[in-house]
Amino acid sequence: MNHSNPIPAPNLAEAPVVLGLRTVIYAAPDLAAATAWYREWLGFGPYFEQPFYVGFNVAGYELGLDPHAPLAAGSTVTYWGVADIAAAHTRALALGASADTPITEVGDGIKTATVQDPLGNVLGLIENPHFRL
Numbered sequence: 060m061n062h063s064n065p066i067p068a069p070n071l072a073e074a075p076v077v078l079g080l081r082t083v084i085y086a087a088p089d090l091a092a093a094t095a096w097y098r099e100w101l102g103f104g105p106y107f108e109q110p111f112y113v114g115f116n117v118a119g120y121e122l123g124l125d126p127h128a129p130l131a132a133g134s135t136v137t138y139w140g141v142a143d144i145a146a147a148h149t150r151a152l153a154l155g156a157s158a159d160t161p162i163t164e165v166g167d168g169i170k171t172a173t174v175q176d177p178l179g180n181v182l183g184l185i186e187n188p189h190f191r192l
């Protein structure tokens, strides 16, 4: 570790560089099918819908569907907050998602699960009674 060039303290008078999480983009090789599935699962339609991208505003965060993005195989999972994980999980499965990991109590009343949407994207669900916007 090089201590000769320490990281300067942030200037609190300047705007922060990172404002927070904003968007998750899922691969949507069949954009029409993906749009229809997410419209049904979310219970509302997109605010932006073009042949190259569809965007849903989900409580101030963006869910983007990109027909040119490759399905990602990796360690990143985006968790969507839900009020009732059992109901959200059941609804996703009823709409054609497949179970990935079961609903699990991870501690302190927090529950998580993952499903795969009909296109194979991993969708995380989290019920966290401690998180407030």
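By the numbering used here, the letter at position 19 of the sequence shown is numbered 78, and the numbering carries on one by one without gaps. Don't be surprised by glycine CBs; every beta carbon is placed ideally from N, CA and C.
141 is the residue among 161, 163, 141, 124 whose C-alpha sits nearest the C-alpha of residue 186.
Excluding sequence positions up to five before and after residue 147, its CB lies within less than 6 Å of the CB of 141, 184, all in the same chain and listed in chain order. The shortest CA-to-CA distance from residue 90 to any of 166, 127, 150 is the one to 127.
Annotation for residue 184: no alpha helix (DSSP H) segment contains it, though the beta strand (DSSP E) segment containing it runs 181-186. For residue 135, no beta strand (DSSP E) encloses it, and the DSSP letter there is neither H nor E. Restricted to the region 117-179, the alpha helix (DSSP H) segments that are unbroken, complete and at least 4 residues in length are 144-153, listed in chain order.
The C-alpha of residue 125 lies about 15 Å from the C-alpha of residue 177.
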